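Q: So that we are looking at the same thing, I have put the structure below in structure tokens.
Protein chains in written order, with my numbering: chain A, 1 to 772; chain B, 1 to 252.
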């Protein structure tokens, strides 16, 4: 019998059932996808890092190297499992030709290396350790993804010919966020290419016990070993590998939670509306002695069925979609080996949604108790309309167009009803705007200033060249006179030893120069200005165990210099452990030097980059736009897809909720529609009235949604983006998009649905509704 | 006298569960300006349907209905709405009012909707009409807080406010006690004496007896017509018996 009742009921309420089904399946699909992504992402990262035997500690070093001393050091520590020194030959982009493409514009530090013998393997796409033959080159996967390099391309690297034999996954440097990219060639080829210029060492360690990593780091620094370059550790590599997809997962989770909330709101609304509609019947059932649980069961059965079908559909959709969302992870990191587990977890997530919704329906249905049988039969529906807006009367506001007056009056009278629609639109706006703002924020050039890089136009890097200071001076002389360069700063990085309060010593890299010209965003405090001020990156301050306002001693020119910590900032460059200070020093050796410039006109960037490249062939010149594109391009693309997807979902939600509401309103209001028609209102007048209602609700909902996105949404996004190491950032907003185009799209969806939902007004016959 | 409404050979069929039911079966009639007409008949005789057809609220299948020189079937929904708004007034059995408006707002709504410029004048007139009809003190009252008779008076105020040429009443006293019904009929009489045409649909002989001409309907057809003597406030009994005799005569 239940089946028959439910079937008839579903037939009668097709739109409501379809809408509910749609909302439930969207939320189930998103949650399932998020679960599948999380499990696979971490699974794939682990799998790749296990197969590649990623080093636990890696020190890049530029300069001479004392292998014997390093070996002795490694042997002296019992928890060091393995140790190796790999070399990496930096090659200028203009010296790397693939087919018809040059890597000149690449902001990455490209170079060649050979396969390692005992760990830190470069893997092929089948996750095997690559064995490369003479004349072959294996290319980092990101160049295949962006279409620069194709299989079997003929390559000329530093004047030597190769064939692209395949693509490689580099567990350390896969992410575009890590600035170096390793190309793999054979031992023989490498030996013939080797020169001292551009040679860099990767001093790598594997430990027996990763929990001893920080102890090891300390031991390494204390030993005063080779450290002319960034230090990268296992946890950081894992973060770099996870960031892009991690953000997508964050957004998926956010949207799925919101759609679950929206579905619950709709459930509540449709159920209450249905109960109101069936008020009399419920009374009768009560009167003839049906128990509350009997009645509840009938209602529950229908909604449980819809929820169940929605969850199943969502699960199937997520299965169909998972290939697409996993594509990036599979490509960059390979399979996770735990796909079944991920599907299981996705299913568990969906089960959770099912349970929550069923419990919620049950909770709402407890209202049955409140319906009195006698009241229900005798008085029909207890009018839910309130005396709201008693002062808002036509005799006072007669100048207002009567349709507008009636619309506002209706909203005031049916506050509870409209509140649901209002809330749903707020949440949908949130879904629409937040991912879009995140995308826009990370696409902004200024975003890098949250990550330790000042906002400039062109940067000139001097690394791995001799006489850096002298060359920097040379460049400075030229750009100082350049009328197209409006401002510049020379930032020199040197290694210093820090003496902490407990007398332990550590070495840190400090970037010296004027940090006020191209300021970065400080999480706390400000940029160093005076001689004795120093700003530390978050990772460094954590590592050194110091905080804002503390002092520490820096050994400069063999003397202790007391420095006060004036600022803490997020940084993703150079392994995240950096420091900035303003004092000048001639004693320590310059590790690298960056000259950042601002041009008078951004349109000049490309020409200036080319011009500077030619003038200073030993320097690496990069346009910042290109740098950002190369570094965040992948993340940006993923976020763009996520943004478009969530906008689409938001529009679908707004459309259906408005349609549902308008249909319900029209069917509830049949009597008053007929009445208004009888006293001379036209169909257009009435459609106008509904239009105004939904316009007002949609407009205020969208405004509130945007406000919420700008506050709460920003906070949530901050949490998500803090994965980048940028923990203090503000949304950059595309004002036209956020305040004009997006609201317009949502408003149009709402108005379109209103039109569809109310056009049946003309079919309501006065005689049928009013005649006794 | 000029005819305000003319109906010629009107046919209207309802289809219910595949069974055709001819509710108006070749009805022809006219109403002259200033007349006070009632249509009598048992439930299901088609009298309400006739009223809805004559006022353009319902379309007919065949035949013509003229309001003055306008033929209703040739008018659009919009034109019909306009016609109802400016030329017609309606009083229903259950005073049909919008729940979320107070009494005064319900009364002025159609007039203000039609003529915003005259809003002040409309308000004044509405207040004085309410005063005249004895509901002056209920201006800001919620419609759920007044009696059926008071609601019906408010309905009449609304119908009168636009200076309609004709007022249609569908069992206007049907839901009232006899005293309230009597008062409402007195109001109709005064309105009619002021020159407004009135057409009422009723199954109550007492109500029909207060009008000047009675049309009798049965099975969708007008089966008889009766002109009544002038009502002077005292001859109600005779008039009622005249109506009941006629009913008996035609077998209703």
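Backbone N, C-alpha and C define an ideal beta-carbon position, used for all residues, glycine too. Quick caveat, the model's predicted, so the values are computed rather than measured.
#1: Return no unless some Cβ of chain B is closer than 8 Å to the Cβ of residue 413 of chain A.
#2: Taking just the CA atoms, how far does residue 38 of chain B sit from residue 177 of chain B?
#3: Look at residue 47 of chain A and residue 336 of chain A and say whether their C-beta atoms are less than 8 Å apart.
#4: When the Cα of residue 694 of chain A is compared with those of A:754, A:617, A:357, A:435, which residue comes out closest?
#5: Between residue 6 of chain B and the rest of its own chain, which residues show a CB-CB distance below 6 Å, the 5 nearest in sequence each way excluded?
#6: Using a Cβ cut-off of 8 Å, pull out every chain B residue sitting near residue 766 of chain A, in sequence order please.
#7: Is residue 296 of chain A helix, strand or coil by DSSP?
#8: Checking 8 Å against the spacing of the C-beta atoms, do residue 203 of chain A and residue 59 of chain A come in under that value?
#9: When you compare the CB of residue 267 of chain A with every CB in chain B, is at least one pair closer than 8 Å?
#10: Taking just the CA atoms, how far does residue 745 of chain A sit from residue 628 of chain A?
#11: Specify the secondary structure class of residue 444 of chain A as computed by DSSP and reduced to three states.
#12: Quick one: which chain B residues come within Cβ less than 9 Å of residue 675 of chain A?
#13: Write down every uninterrupted run of the alpha helix (DSSP H) in the stretch 567-621 of chain A whose length is 4 residues or greater and which is fully enclosed by it, in chain order.
#14: Closer than 8 Å, CB to CB, is residue 119 of chain B near chain A or not?
#15: What is the rounded straight-line gap between the Cα of residue 554 of chain A and the Cα of residue 512 of chain A?
#16: Comparing alpha-carbon positions, which option in A:363, A:15, A:688 lies nearest residue 663 of chain A?
#17: Quick check: what's the CA-CA separation for residue 752 of chain A versus residue 414 of chain A?
#18: Can you give me the Cβ contacts of residue 64 of chain B inside the same chain, cut-off strictly under 6 Å, excluding the 5 residues immediately before and after it?
#19: Since residue 410 of chain A meets chain B, which of its residues come closer than 8 Å, beta carbon to beta carbon?
#20: Throw me the rounded Cβ distance for the residue 258 of chain A and residue 430 of chain A pair, which I believe falls under 8 Å.
#21: Does residue 163 of chain B pass the burial test, meaning 16 or more other C-beta atoms within 10 Å, or should it be called exposed?
#22: List, from N- to C-terminal side, the alpha helix (DSSP H) runs of 4 residues or more that fit wholly inside the stretch 302-375 of chain A.
#23: Measure from the alpha carbon of residue 136 of chain B to the alpha carbon of each residue in B:117, B:107, B:73, B:74, then state which is nearest.
#24: Quick one: is residue 237 of chain B buried, meaning 16 or more other Cβ sit within 10 Å of its Cβ, or exposed?
#25: Check the Cβ of residue 682 of chain A against every Cβ in chain B and list those closer than 8 Å, keeping chain order.
#26: I'd like to know if residue 110 of chain B contacts chain A, where contact means its C-beta is closer than 8 Å to some C-beta of that chain.
#27: Nearest CA to the CA of residue 96 of chain A: which residue from A:156, A:126, A:79?
#28: Could you check the C-alpha separation between residue 160 of chain A and residue 193 of chain A for me, to the nearest Å?
#29: Under the rule that 16 or more other beta-carbon atoms within 10 Å means buried, what is residue 521 of chain A, buried or exposed?
#30: As a quick exercise: from A:294, A:222, A:391, pick the residue whose alpha carbon is nearest that of residue 505 of chain A.
#31: When you check each C-beta in the stretch 147-162 of chain B against every C-beta of chain A, which residues fall closer than 9 Å?
#32: Rounded C-beta distance between residue 321 of chain A and residue 35 of chain A? I'm assuming under 8 Å.
#33: Taking the alpha-carbon of residue 253 of chain A as reference, which of A:297, A:81, A:311, A:32 has the nearest alpha-carbon?
#34: Pull up the CB-CB distance for residue 747 of chain A and residue 699 of chain A, whole angstroms please, since I reckon it's below 8 Å.
#35: The alpha helix (DSSP H) spanning residue 30 of chain A covers which residue range?
#36: If you compare alpha carbons, which of A:605, A:495, A:601, A:536 is closest to residue 558 of chain A?
A: Quick answer:
#1: yes
#2: 20 Å
#3: yes
#4: A:754
#5: 30, 66
#6: 52, 57, 58
#7: helix
#8: It is a contact, given that the beta carbons lie within the stated cut-off.
#9: No, no contact with chain B.
#10: Whole-angstrom Cα-Cα distance: 30 Å.
#11: coil
#12: 92, 96, 97, 98
#13: Here the runs fully enclosed are 605-615.
#14: yes
#15: 13 Å
#16: Closest option to residue 663 of chain A, judged by alpha-carbon separation, among A:363, A:15, A:688: A:15.
#17: A direct Cα-Cα distance of roughly 22 Å separates residue 752 of chain A from residue 414 of chain A.
#18: 8, 71
#19: 100
#20: About 6 Å separates the two Cβ atoms, so the contact holds.
#21: exposed
#22: If only complete runs of 4 or more residues are kept, the stretch 302-375 of chain A shows the alpha helix (DSSP H) at 339-365, in order along the chain.
#23: The option with the nearest alpha carbon to residue 136 of chain B is B:107.
#24: exposed
#25: 77, 78, 81, 82
#26: yes
#27: A:156
#28: If I take the Cα positions, the gap works out to 8 Å.
#29: buried
#30: A:222
#31: 158, 159, 162
#32: The beta-carbon distance between residue 321 of chain A and residue 35 of chain A, rounded to whole angstroms, is 13 Å. This is too long to meet the 8 Å contact definition.
#33: A:32
#34: 7 Å
#35: 14-51
#36: A:495
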